[in-house]
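Protein chains: 2
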Amino acid sequence: MKFSNLFIPTSKENPSDVVLPSHQFLVRGGFVNQEGAGLYNFMPLGKIVLDKIRTIVKEELDKAGCNEVQLSFVTPISLWDRSGRAEDMGKEMLRIKDRHDNDFVLSPTNEEAMVELVKNRVKSYKDLPVNLYQINTKFRDEARPRYGILRGREFLMKDGYSFHSNTEDMIREFDLMEETYKKIFTRLGLDFRVVNADSGAIGGSGSKEFHVLANSGEDTILVCESCDYGANIETIFEDESEVDSLNELSYEQLQEKEVTQKCSCGGKLSFKKGIEVGHIFQLGDKYSKALEANFQDENGKPKAFEMATFGIGVSRLVASVIEQNHDEKGCIWTKNTAPYLVDIIVSNAKKEDELDAGIKIYEELKANGIDVIIDDRKKERFGFKMGDFELIGFPYAVVIGKKLQDGLVEIVDRKTLEKQECKLDEVFEVLQKKLDNS
Amino acid sequence: MKFSNLFIPTSKENPSDVVLPSHQFLVRGGFVNQEGAGLYNFMPLGKIVLDKIRTIVKEELDKAGCNEVQLSFVTPISLWDRSGRAEDMGKEMLRIKDRHDNDFVLSPTNEEAMVELVKNRVKSYKDLPVNLYQINTKFRDEARPRYGILRGREFLMKDGYSFHSNTEDMIREFDLMEETYKKIFTRLGLDFRVVNADSGAIGGSGSKEFHVLANSGEDTILVCESCDYGANIETIFEDESEVDSLNELSYEQLQEKEVTQKCSCGGKLSFKKGIEVGHIFQLGDKYSKALEANFQDENGKPKAFEMATFGIGVSRLVASVIEQNHDEKGCIWTKNTAPYLVDIIVSNAKKEDELDAGIKIYEELKANGIDVIIDDRKKERFGFKMGDFELIGFPYAVVIGKKLQDGLVEIVDRKTLEKQECKLDEVFEVLQKKLDNS
Chain S
0 MKFSNLFIPT
10 SKENPSDVVL
20 PSHQFLVRGG
30 FVNQEGAGLY
40 NFMPLGKIVL
50 DKIRTIVKEE
60 LDKAGCNEVQ
70 LSFVTPISLW
80 DRSGRAEDMG
90 KEMLRIKDRH
100 DNDFVLSPTN
110 EEAMVELVKN
120 RVKSYKDLPV
130 NLYQINTKFR
140 DEARPRYGIL
150 RGREFLMKDG
160 YSFHSNTEDM
170 IREFDLMEET
180 YKKIFTRLGL
190 DFRVVNADSG
200 AIGGSGSKEF
210 HVLANSGEDT
220 ILVCESCDYG
230 ANIETIFEDE
240 SEVDSLNELS
250 YEQLQEKEVT
260 QKCSCGGKLS
270 FKKGIEVGHI
280 FQLGDKYSKA
290 LEANFQDENG
300 KPKAFEMATF
310 GIGVSRLVAS
320 VIEQNHDEKG
330 CIWTKNTAPY
340 LVDIIVSNAK
350 KEDELDAGIK
360 IYEELKANGI
370 DVIIDDRKKE
380 RFGFKMGDFE
390 LIGFPYAVVI
400 GKKLQDGLVE
410 IVDRKTLEKQ
420 ECKLDEVFEV
430 LQKKLDNS
Chain R
0 MKFSNLFIPT
10 SKENPSDVVL
20 PSHQFLVRGG
30 FVNQEGAGLY
40 NFMPLGKIVL
50 DKIRTIVKEE
60 LDKAGCNEVQ
70 LSFVTPISLW
80 DRSGRAEDMG
90 KEMLRIKDRH
100 DNDFVLSPTN
110 EEAMVELVKN
120 RVKSYKDLPV
130 NLYQINTKFR
140 DEARPRYGIL
150 RGREFLMKDG
160 YSFHSNTEDM
170 IREFDLMEET
180 YKKIFTRLGL
190 DFRVVNADSG
200 AIGGSGSKEF
210 HVLANSGEDT
220 ILVCESCDYG
230 ANIETIFEDE
240 SEVDSLNELS
250 YEQLQEKEVT
260 QKCSCGGKLS
270 FKKGIEVGHI
280 FQLGDKYSKA
290 LEANFQDENG
300 KPKAFEMATF
310 GIGVSRLVAS
320 VIEQNHDEKG
330 CIWTKNTAPY
340 LVDIIVSNAK
350 KEDELDAGIK
360 IYEELKANGI
370 DVIIDDRKKE
380 RFGFKMGDFE
390 LIGFPYAVVI
400 GKKLQDGLVE
410 IVDRKTLEKQ
420 ECKLDEVFEV
430 LQKKLDNS
């Protein structure tokens, strides 16, 4: 891709309500822009990142045997009345009326619709299990939308729902999804923890959350330094005010708190801040019973489906990557989330030899399967282009400038900002090695 | 893919309000199901087809230099007030109120939001042209939603918007998009016509529609049998009642009507029925003026963007393919829209030799890059599987049955329903030849 062909409106202005680095850099880097309170548009670079994340989520789910569907975003309120959730959901679920004065909602989640879809279509235990998911628009009318796309009202969620003939099989799928989620977050290059989220006993497996570790995270979690145990503090402290006061502490303040508990493995526990990006839940037959969704069991008797449900905040992940990976200059994308891996900066694109050398490297990298963009803009100067590179956060830049006459270019590592001279004909080789090791 | 791993709930029951073949077969074939009036869910097979169409649309647009974005579906009504469309759009645009009693709409189209996105971000004529598109949910609160996903209230639309410094460049892009749309509909395997849709004079190019020819089409178009001229009859007959009465005629009745006009090329004109699947429109500066969206021209003066807009009904295309390609037994997908190209029917999957032979062919086809599904269901009999093949409409089936002991299988062409014996080790070769020629 060429910068001159892609709409990348970077800016030096911060959004007025900015608190978090991801909010600041995603807006300033031309990834997203605000349309209204808690409503965001994805501009071309943001859409590319969103699609990369979406593709990884889909690939891993499909490999695990899940089937993708796409449910209507507007759903009749009658569905929610029947499950009893119309009231429970409160004001976060936005009710609307159509032209005939009939009642609908903007889906905040889709348990009911998914049960209706499977009901009467999966008839026998022989047709089970079934695991259906979608990656689709959701709406939650938060009272105070904030933090950019990290906590918008309209967002992209992966929501999955599995149906089983018995609890054992449901737990098998729950465990499979835990493993699948780990693969997804690992491929995204995230430092994350799986934590127990069920209320009460440590070690329960009824509900697990996936947290991206980030100092700015809204949740406080307790993790073991020796094993992979982790828990949301909500499951540890029974006193709600204690939980609230811990959540209000900054990461730095938290680190000064002593943890009296020990992990059952004997390891030391410590507090971390996390952003919840995934949640998996053993539902049982709550919804299938409420909506009378039965199958015929081995004895020919009707039985309500055992269910589990699995969520990932797909658009939230875009911001989470940046909360975990940024510096004071801008974004630092991970290898599998970067809109492009390499940015070829032609210092002065009006100089024919610089532009030609840039295009030659660009074509070579492209031919070798490296996702590359070339900053071929004639009207922008070098400093501006370097600023865009740092703000947008491509993993590597190749700077073509003065040393071209000696057959040299400079390779810049976005994470360390280290520069390295490189011969023109070794650029691909050097970059490939860096990418392989990253 | 294996049938046993994919949720494909075929059914013999017709939807209660069914009129059109696509509605009947897409519901019965397990592609879609109804969630509410004009609200549909895409089940796994339907989602696969939708994604195939979406991918082709995206590939061709990207090749033509367009940039994909994704706008918020819920938009503030203030945007629509400022353009003056809040009133014009009438009841089809659904107004909603959030928890703070602020007014929003479910986007029926996105001219305003797209102008706002570009405004103040594209500053100079040097940054033009820009062509941004999205493939995203839309909502139009039709008074009488009908015909399944052909005329739903919630649907998937590709809407594109281009911005230019002058009219000539806008027309260049308009022509480029006409060519791009032709490539898209050709790749989808559709028999379609581009027709003039501007009111009044024949030959005007201010607005063009793309119609899939189908006897069930809602629109009546006049096409030339010698050249590629075509026009919506709305542009030909000034008398509205004449247009209405022609639109009410069935395809058969229309064929009996004599056409008195001749094409300017001298060719014979005839009436056809069409389904509108695309519309491109030269907008000029209507929206950029209303929303005060200017750029700096060559003389350093502010000037309103010249715009064009380009739509494709992506979910409607799923139904359109079937309106044009079906028989009394079910769907007949085209090569690039088929959820899978080949269905390997294991007549009796309880017989080990049949299942083994099926899996061997399945692996061979897959290894050779053919999109294949195997009907490995143990509990279904041959007749049921063949019925599903005909209803779902995969282009080819490979039937593994009694003649396996002689080393033979049967290849069935879904379109002609012709059967052909084939040696086990020649299946790939024979299918590849058929696919190459289709």
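Going down the list, the protein sequences come from chains S and R. Residue 0 is where the first sequence starts when you use numbering that gives the first Met the number 0, and the numbers rise one by one after that. Residue 0 is where the second sequence starts when you use numbering that gives the first Met the number 0, and the numbers rise one by one after that. Note that CB positions come from ideal geometry on N, CA and C, so glycine has one too.
Per DSSP, R:R94 lies in no alpha helix (DSSP H) segment; the continuous beta strand (DSSP E) that holds it begins and ends at 94–96.
In this structure, S:Y250 places its C-beta atom within 9 angstroms of the C-beta atom of S:G216. Taking one beta carbon from each stretch, the region 62–77 of chain S and the region 20–37 of chain R have 3 or more pairs nearer than 8 angstroms; the two touch. For R:P20, no Cβ of chain S is located within less than 9 angstroms of the residue's own Cβ. Looking from the CA of R:M176, the closest CA among R:D190, R:G159, R:T54 belongs to R:G159. None of the residues of the region 162–190 of chain S has a beta carbon lying less than 7 angstroms from any beta carbon of chain R. Contacts between R:I95 and chain S, judged by CB atoms closer than 9 angstroms, involve L93, R94, I95, K96, L105 in chain order. Membership of S:S21 in the alpha helix (DSSP H) is indicated by the continuous run 20–27.
Below 8 angstroms, enough C-beta pairs join the region 53–73 of chain S and the region 112–130 of chain S to call them touching: three or more. At the C-beta level, R:I360 and R:L423 come within 9 angstroms of one another. Nearest to S:H278 by C-alpha distance, out of S:V193, S:D435, S:T219, is S:V193.
Within the same chain, Y339, L340, V341, I343, Y361, L364, K365 come within 7 angstroms of S:V371 by CB-CB distance, once the 5 residues on both sides are set aside. By the neighbour-count definition (other C-beta atoms within 10 Å, threshold 16), S:R143 is an exposed residue. Nearest to S:K350 by alpha-carbon distance, out of S:I369, S:F388, S:I399, is S:I399.
Distance from the Cα of S:I274 is smallest, within the candidate group S:A292, S:L282, S:S314, for S:S314. Residue pairing by DSSP puts R:Y160 in a beta bridge opposite R:L131, R:T308. Within a 10 Å sphere around the beta-carbon of S:F173 sit 16 or more other beta-carbons, which makes this residue buried.
Neighbours of S:S71 across chain R, judged by C-beta separation under 8 angstroms: E34, G35, L38, Y39, N40, E153. Contact of R:E115 with chain S is assigned, a C-beta pair being separated by under 9 angstroms. For S:K57, the enclosing alpha helix (DSSP H) covers residues 43–62.
If you draw a 10 Å sphere on the C-beta of R:N436, you find fewer than 16 other C-beta atoms in it, and that means exposed. At a cut-off of 9 angstroms, the C-beta of S:V68 has a neighbouring C-beta in chain R. DSSP places R:G357 in the uninterrupted alpha helix (DSSP H) bounded by 351–366.
By alpha-carbon distance to R:Y286, the top candidate from R:K122, R:G299, R:E297, R:A303 is R:A303. Taking all protein chains in view, the Cβ of S:V320 is crowded by 16 or more other Cβ atoms within 10 Å, so the residue is classified as buried.
R:V313 carries a helical assignment under DSSP once its states are collapsed to helix, strand and coil. Between the alpha carbons of S:F393 and S:V317 lies a distance of about 14 angstroms. When 7 angstroms is used as the limit between beta carbons, S:G64 is near these residues of chain R: N4, in chain order.
Excluding sequence positions up to five before and after R:D412, its CB lies within less than 7 angstroms of the CB of Y395, all in the same chain and listed in chain order. Contact residues of the region 132–145 of chain R toward chain S are Q133, N135, T136, F138, D140, E141, A142 (C-beta to C-beta distance below 9 angstroms).
At a cut-off of 9 angstroms between beta carbons, R:T74 contacts chain S. In the DSSP annotation of this structure, the continuous segment of the alpha helix (DSSP H) that includes R:I76 starts and ends at 76–82. Taking R:D387 as reference, the option from R:N165, R:N13, R:R27, R:K1 with the minimal CA-CA separation is R:R27. Counted as a single uninterrupted DSSP element, the beta strand (DSSP E) harbouring S:V194 occupies residues 191–195.
If only uninterrupted beta strand (DSSP E) runs of at least 3 residues are considered, those enclosed by the region 201–272 of chain S are 206–212, 218–223, 229–231.
Between S:K125 and S:S164, the alpha-carbon positions lie close to 9 angstroms from each other.
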